[in-house]
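Trainee: Counting from 1, one number per residue, gives the positions in the sequence shown under full-length UniProt numbering. This is the structure, below, for whatever I ask next.
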Amino acid sequence: MTKLVPVEEMYFTDLFELEHDEETAYLSGCETPRTREEIAQAYEARRGKSTPLAVYMIVDDDIVAGKIECYRLDETTAYVGVVIKPAHRRNGYAKKALGLLCKAERERSAGVRLKAEIYADNPGSMQFFEACGFHRTGTVTEEIFRGQPRMLYEYEYRG
Numbered sequence: 001m002t003k004l005v006p007v008e009e010m011y012f013t014d015l016f017e018l019e020h021d022e023e024t025a026y027l028s029g030c031e032t033p034r035t036r037e038e039i040a041q042a043y044e045a046r047r048g049k050s051t052p053l054a055v056y057m058i059v060d061d062d063i064v065a066g067k068i069e070c071y072r073l074d075e076t077t078a079y080v081g082v083v084i085k086p087a088h089r090r091n092g093y094a095k096k097a098l099g100l101l102c103k104a105e106r107e108r109s110a111g112v113r114l115k116a117e118i119y120a121d122n123p124g125s126m127q128f129f130e131a132c133g134f135h136r137t138g139t140v141t142e143e144i145f146r147g148q149p150r151m152l153y154e155y156e157y158r159g
């Protein structure tokens, strides 16, 4: 059974692996992968504090499949992102995790608009979010990623 588990120290190695897999880092927009120490410091700094960013590990029995994040811009808008380890892709973990997160966010705030930003050069992610009920809004943002311009498309959940 897939569940979302708040990040704890036991998952720091999993986060490190996600950031240090080059393909995963590129597709998810990880500019500079962090060291294990930097990951630990970042999570320790947030421990016990109310922050707009919630990060959960996607866990199914003894498998840590990836992570899912939700950034609350305000009470009406939240941005979500999913990163799955290469060995666990195409097994339904991301879809289950996104469904759980969307449900929890809607229960927390019925009118919340759930959005995702997806790189134009990541068609697999676009297809995934569309299959999960997200639709492109028409908003396009250009950012500089690793010294090069890269386009981000905004999607919104209408499930």
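Glycine included, each C-beta is placed from N, C-alpha and C at the ideal position.
If you draw a straight line from the alpha carbon of Ala110 to that of Leu73, how long is it in whole angstroms?
Mentor: Those two C-alpha atoms are separated by around 15 Å.
Trainee: Comparing alpha-carbon positions, which option in Asp121, Gln41, Glu9, Arg36 lies nearest Glu17?
Mentor: The residue with the shortest Cα to Cα distance from Glu17 is Arg36.
Trainee: For Ile144, collect the residues of the same chain with a Cβ closer than 8 Å to its Cβ; drop the 5 residues on either side in sequence, then sort them by chain order.
Mentor: For Ile144, where only same-chain residues beyond five positions count, the Cβ hits under 8 Å are Arg150.
Trainee: Below 8 Å, can you find three or more Cβ-Cβ pairs linking the region 64-72 to the region 39-47?
Mentor: Result no; under three Cβ-Cβ pairs closer than 8 Å.
Trainee: Measuring only the C-alpha atoms, how far is Gly133 from Arg108?
Mentor: Approximately 19 Å between the Cα atoms of the pair.
Trainee: With Lys115 as the anchor, note down where its beta strand (DSSP E) starts and where it stops.
Mentor: Lys115 -> beta strand (DSSP E) spans 113-119.
Trainee: DSSP on residue 162, reduced to helix/strand/coil?
Mentor: Outside the shown range of the chain, which is 1 to 159, sits residue 162, and nothing can be said about it.
Trainee: Which residue from Gly138, Ala104, Glu156 puts its Cα closest to that of Lys3?
Mentor: Ranking the options by Cα distance to Lys3, first place goes to Ala104.
Trainee: In the DSSP assignment, what are the bridge partners of Val64?
Mentor: Note: Val64 sits in a beta bridge opposite Val59.
Trainee: Excluding the 5 residues preceding and the 5 following Glu31 in the sequence, name in chain order all residues of the same chain whose CB lies nearer than 7 Å to its CB.
Mentor: Same-chain partners within the cutoff: Phe145, Arg146.
Trainee: Which one of Ala87, Ile63, Ser125, Gly48 has the shortest CA to CA distance from Leu98?
Mentor: Answer by Cα proximity: Ser125.
Trainee: Rank Ser50, Leu152, Val5 by C-alpha distance to the C-alpha of Ile63 and give the top, closest one.
Mentor: Minimum Cα distance to Ile63 is reached at Val5.
Trainee: When you compare each of Tyr11, Asp60, Glu154, Ala78 to Asn91 by their alpha carbons, which one comes out closest?
Mentor: Ranking Tyr11, Asp60, Glu154, Ala78 by Cα distance to Asn91 puts Asp60 first.
Trainee: Among Thr24, Gln148, Arg158, which residue has its Cα nearest to the Cα of Ala131?
Mentor: Ala131 has its Cα closest to that of Arg158, out of Thr24, Gln148, Arg158.
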